[in-house]
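This report concerns only the one structure given below.
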Amino acid sequence: MKKLTRPNDDAVVVFEACIDRVRNADLKHRLQSCSVEVGEASAEFDQKASVAELHTIEAKESVANVVSVDEMKKVYTDRMAKKLAPGRVYYDKLMSLPEHGRCPLCSQRVVSTLDHHLPKAHYPSLAVSPLNLIPACQDCNKIKSEDIPLNSEKETLHPYYDDVEGFLWVKAKLTESVPVVVEFYVEPPDDCDDVLIERLKHHFITFDLAALYSSHAAEELANIEFIARKIFEDSGSIELREYLSDMADSRKQVSINSWQAAFYTCLYESNWFCQNRFQ
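Here you go:
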């Protein structure tokens with residue numbers, strides 16, 4: 059998962075911008091009366107996301123007892139996410155956060171939507187709160203759907219709050235057979251916090267990253283088949299291992315936990331791959 063800069067736009071400011079063009083007087087009055095709860099909900103989210111306690115936030119069936127879940131959903135879909143909507147500027151700001159436009163949840167696919175970390179169907183007060191909106195790819199957004207964490211260990215990683223790029227936790231191993239299959243798994247360092255370890259595993263499982271990365275690894279194996287075989291036949295296993303090690307180091311400079319870094323690391327660490335694969 060890639061860390062993102064935490065948005066600093068105030069939830070109430072965003073909410074009030076979204077409802078600015080509401081013409082129905084009754085609806086606008088009811089929406090305006092929700093501003094306090096929207097601000098309080100965002101503040102609670104900020105505090106609890108920082109300590110992995112989002113599961114303690116109470117789900118609600120309305121906002122301030124005057125605006126329904128469906129009405130708040132429309133504030134997001136019609137007045138923030140839709141092109142030319144009054145709140146679209148905030149939507150676009152959030153969508154522009156990931157480097158190279160890559161989804162921070164899987165670190166692989168291209169962002170195409172905003173994911174509600176806590177689903178708006180159950181937490182309507184957070185429907186347009188920037189802290190609850192994560193730029194994501196369609197697949198990750200669909201996979202997560204309306205998932206609600208039951209405890210700290212079952213909270214998926216949040217790119218605005220969880221920085222897991224400073225230590226190695228995504229690893230890979232290969233099968234010593236042809237065709238080679240590369241499998242990805244989570245193995246955090248021993249000194250990693252117990253709750254974080256479980257969250258890393260839960261995130262990996264929730265978004266089915268092992269399958270996603272293995273698919274890309276299979277394609278990469280095909281891409282390097284020619285050059286790897288050529289290096290082995292021309293120069294031997296030592297040179298092949300050095301080539302793979304350099305490829306791993308290059309990927310680690312970009313992201314220590316990328317599937318590419320784990321992929322090349324497992325290749326150069328494998329005596330079988332370096333010495334026997336191309337015999």
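Counting in our numbering, the sequence shown runs from 59 upward without gaps.
Glycine included, C-beta positions come from ideal geometry on N, C-alpha and C.
These numbers come from a predicted model, not from an experiment.
Among the candidates Pro156, Glu327 and Leu191, whose CA atom is the shortest distance from the CA of Glu234? By 1-based counting over the sequence shown, the position of residue 234 is 176. Here the closest residue by C-alpha is Glu327.
Tell me the DSSP bridge mates of Leu215? By one-based count along the sequence shown, residue 215 stands at place 157. Beta-bridge pairing links Leu215 to no other residue.
Quick check: the stretch 124-135 against the stretch 175-188, are at least 3 beta-carbon pairs closer than 8 Å? yes
List the DSSP bridge partners of Thr171. Sequence index remark: in the sequence shown, residue 171 carries index 113 (1-based). Partner(s): Ala194.
Bridge partner(s) assigned by DSSP for Phe242: For the purposes of this step, residue 242 is taken as the residue at position 184 of the sequence shown. DSSP lists Ala230 as partners of Phe242.
Hey, would you say Gly159 sits closer than 8 Å to Val168, going by beta carbons? Here residue 159 is taken as the residue at index 101 of the sequence shown, counted from 1. Here residue 168 is taken as the residue at index 110 of the sequence shown, counted from 1. Contact: yes.
State the beta-bridge partners of Arg287 as determined by DSSP. Translated into the one-based positions of the sequence shown, residue 287 becomes position 229. According to DSSP, Arg287 bridges with nothing at all.
Any idea which residues DSSP pairs Arg160 with across the strands? The count along the sequence shown starts at 1 and reaches residue 160 at position 102. Its beta-bridge partners are Val168.
Under 7 Å Cβ to Cβ from Ser91, same chain only, skipping five residues before and after it: list those, please. Taking the sequence shown and counting its residues from 1, the one referred to as residue 91 is at position 33. Cβ neighbours of Ser91 beyond the five flanking positions: Ala122 and Val124.
Sequence-distant residues of its chain with Cβ nearer than 6 Å to Glu256 (five each side left out): Here residue 256 corresponds to residue number 198 of the sequence shown, with the count starting at 1. If we look at Glu256 and ignore the five residues flanking it on each side, its Cβ neighbours are Glu211.
Exposed unless 16 or more other CB atoms sit within 10 angstroms - verdict on Asp173: Taking the sequence shown and counting its residues from 1, the one referred to as residue 173 is at position 115. Buried, since its Cβ has 16 or more Cβ neighbours within 10 Å.
Euclidean distance between Cα positions of Glu297 and Ile206: Position 239 of the sequence shown holds residue 297. Position 148 of the sequence shown holds residue 206. Taking the straight line from one Cα to the other gives about 50 Å.
Val70 - containing alpha helix (DSSP H), residue span: Translated into the one-based positions of the sequence shown, residue 70 becomes position 12. Ala69 to Cys76 is the span of the alpha helix (DSSP H), which, as asked, contains Val70.
Backbone CA spacing between Cys195 and Gln166 [nearest angstrom]: In the sequence shown, residue 195 corresponds to position 137, counting from 1. In the sequence shown, residue 166 corresponds to position 108, counting from 1. Roughly 9 Å between the two C-alpha positions.
Can you name the start and end residues of the alpha helix (DSSP H) that Thr63 belongs to? In the sequence shown, residue 63 corresponds to position 5, counting from 1. Element bounds for Thr63: n/a, residue is neither H nor E.
Beta bridge counterpart(s) of Ser235 as assigned by DSSP: In the sequence shown, residue 235 corresponds to position 177, counting from 1. For Ser235, which the question treats as bridged, DSSP gives no partner whatsoever.
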